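**Q**
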Amino acid sequence: MSDPPGMSPGSEWFDGAAGRLVRPYALTGGRTRPVREGFDLITIIMTADASAIGSVEFGPEHASILRLACTPQSVAEISAKLKLPLAVLRVLLGDLYTPGWIIVRQPTPMTQTPDERVLKDVINGLKTL
Numbered sequence: 007m008s009d010p011p012g013m014s015p016g017s018e019w020f021d022g023a024a025g026r027l028v029r030p031y032a033l034t035g036g037r038t039r040p041v042r043e044g045f046d047l048i049t050i051i052m053t054a055d056a057s058a059i060g061s062v063e064f065g066p067e068h069a070s071i072l073r074l075a076c077t078p079q080s081v082a083e084i085s086a087k088l089k090l091p092l093a094v095l096r097v098l099l100g101d102l103y104t105p106g107w108i109i110v111r112q113p114t115p116m117t118q119t120p121d122e123r124v125l126k127d128v129i130n131g132l133k134t135l
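First residue of the sequence shown: 7, per the numbering used here; consecutive thereafter.
1) Assuming D46 and P91 make a contact with CB atoms under 8 angstroms, what is their CB distance in whole Å?
2) Return helix, strand or coil for I48, following the three-state DSSP convention.
3) Which class does T53 belong to by DSSP, given the choice of helix, strand or coil?
4) On a Cα-Cα basis, can you pick out the residue from G131, C76, A69 that is closest to V110?
5) Nearest-angstrom Cα distance between A82 and E122?
6) Using CA coordinates, which residue listed in R73, S61, V128, L102 is at the minimum distance from E43?
7) Which complete alpha helix (DSSP H) runs does the stretch 78 to 106 hold, if anything under 4 residues is left out?
8) If you follow the beta strand (DSSP E) that I129 is part of, which residue opens it and which one closes it?
9) Which partner residues of R111 appear in the DSSP bridge assignment?
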């Protein structure tokens, strides 16, 4: 995935040695917390309506997230591909979640490990075979 418009090499907001010249807090309007919690690293993000990407009223970073999430992506993947700090990405995802631009799928909880008694019964059963 390429950098958002205005953030790619050759633009006035990009420096070859320093990278992006826009600070993370500028991308979030100074906000440090998302409007919604629960954007874990393995949370899956999907664009709700890909045809509406051009009509998003937010910044170019929001549009980049929507384009990338046309196929299901984890929060970690989006952060890495867009080269955005995780805290910034979570705020931007919150912006997109509130009006319904993205679909969020939480990871399925891990099942609990079997009881020790059950494991002993299985071992004993295998020994009798």
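C-beta atoms are modelled at their ideal positions from N, C-alpha and C, and glycine is treated no differently. On a predicted model such as this, the values are computed, not experimentally measured, just so you know.
**A** Checking against the coordinates, here is how it stands:
1) Actually they do not touch by this definition, with Cβ atoms about 16 angstroms apart.
2) coil
3) strand
4) C76
5) 35 angstroms
6) L102
7) 81 to 88, 92 to 103
8) Element bounds for I129: not the beta strand (DSSP E) but the alpha helix (DSSP H), 122 to 134.
9) I50
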